[in-house]
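Basically the working numbering = 1-based index in the sequence shown + 118.
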Amino acid sequence: MHRIRKRKCDRMKKILESLFYLFFPLLIGGIVGFLISGSIQYDSLIKPPLAPPAKLFPIAWSIIYLFMGISYFLLMRKKDYIPLEKMIYYLQLFVNAMWSIIFFLWKWRIFAILWILLLDFLVIKMILLFYNSKKISAYLNIPYLIWIVFATYLTIGIVILN
119 MHRIRKRKCD RMKKILESLF YLFFPLLIGG IVGFLISGSI QYDSLIKPPL
169 APPAKLFPIA WSIIYLFMGI SYFLLMRKKD YIPLEKMIYY LQLFVNAMWS
219 IIFFLWKWRI FAILWILLLD FLVIKMILLF YNSKKISAYL NIPYLIWIVF
269 ATYLTIGIVI LN
């Protein structure tokens, strides 16, 4: 009886851990979105060519965060990941979350350029590390890299134009 209860507990722990890996990026994105919602003012900024409408950002980020969560979930299912992968993943997620606060809430626009360049570097590093361990985890983050490189262009353009 004790062994059965322990197996159920272990199974439940594994399910909760998997859900955490899958949805943590979405949770972080939602929290940041809530924190900055009153400070965004995207429509009042002069934007560079190719700037998308504000409505596109929550859709794009939701998809990207979901892919990010899936990629990390798949990586963590692999028993021989390296701790550096885990550290870079959470570090880039933190830098990602803080960019919105730096740019929209605090309006430190020039600093936001440096911050997003750091994010670009960390995401490239993360993809390379993931590629060495679990290629699909790296591939799932390519849309993320493309989006933040585009966000880097938008950030620099907005700073120059405003």
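In this text, a Cβ means the ideal position worked out from N, Cα and C, and glycines have one as well.
Could you tell me the distance, in whole angstroms, from the CA atom of Leu192 to the CA atom of Tyr257?
Counting from one through the sequence shown, the residue named residue 192 turns up at place 74. Counting from one through the sequence shown, the residue named residue 257 turns up at place 139. In this structure, the straight-line span from the alpha carbon of Leu192 to that of Tyr257 is close to 12 Å.
Do the region 209-228 and the region 140-157 meet, that is, are 3 or more Cβ pairs less than 8 Å apart?
In this structure the region 209-228 touches the region 140-157; the number of beta carbon pairs closer than 8 Å is three or more.
Taking buried to mean at least 16 other C-beta atoms within 10 Å of its own C-beta, is Glu203 buried or exposed?
Counting from one through the sequence shown, the residue named residue 203 turns up at place 85. Residue environment analysis places Glu203 among the buried positions, since at least 16 neighbouring C-beta atoms fall within 10 angstroms of its C-beta.
Leu240 to Lys253, Cα distance in whole Å?
Against the sequence shown, residue 240 aligns to sequence position 122. Against the sequence shown, residue 253 aligns to sequence position 135. Each residue's alpha carbon lies about 17 Å from the other.
Whole-angstrom distance between Ser251 and Trp217, CA atom to CA atom
As a working mapping, residue 217 is identified with position 99 in the sequence shown. As a working mapping, residue 251 is identified with position 133 in the sequence shown. Taking the straight line joining both Cα atoms gives about 28 Å.
From what residue to what residue does the alpha helix (DSSP H) around Asp238 run?
Here residue 238 refers to the residue found at position 120 when the sequence shown is read from its first residue. It spans Arg227 to Ser251 - the alpha helix (DSSP H) in which Asp238 sits, taken as one unbroken run.
is_contact[Pro166, chain B] using C-beta, thresh 8 Å
Chain labels in this structure do not include chain B; a single protein chain is all it has.
For Ile177, does the three-state DSSP call read helix, strand or coil?
Here residue 177 corresponds to residue number 59 of the sequence shown, with the count starting at 1. Here Ile177 sits in helix by DSSP.
Express the C-alpha separation of Gly156 and Leu236 in angstroms, rounding to a whole number.
As a first step, residue 236 is located in the sequence shown; it is residue number 118 there, counting from the start. As a first step, residue 156 is located in the sequence shown; it is residue number 38 there, counting from the start. Computed Cα separation, rounded: 26 Å.
Could you give the DSSP three-state label for Ala172: helix, strand or coil?
On the sequence shown, position 54 is the one that residue 172 refers to. Reduced to three states, the DSSP call for Ala172 is coil.
Beta carbon of Phe185, beta carbon of Tyr271: below 8 Å?
Your numbering for residue 185 matches position 67 in the sequence shown. Your numbering for residue 271 matches position 153 in the sequence shown. Contact: no.
Looking at C-alpha atoms only, which residue of Lys196, Pro201 and Trp265 is the closest neighbour of Ile242?
Counting from 1 along the sequence shown, the entry for residue 242 is found at position 124. Here the closest residue by C-alpha is Trp265.
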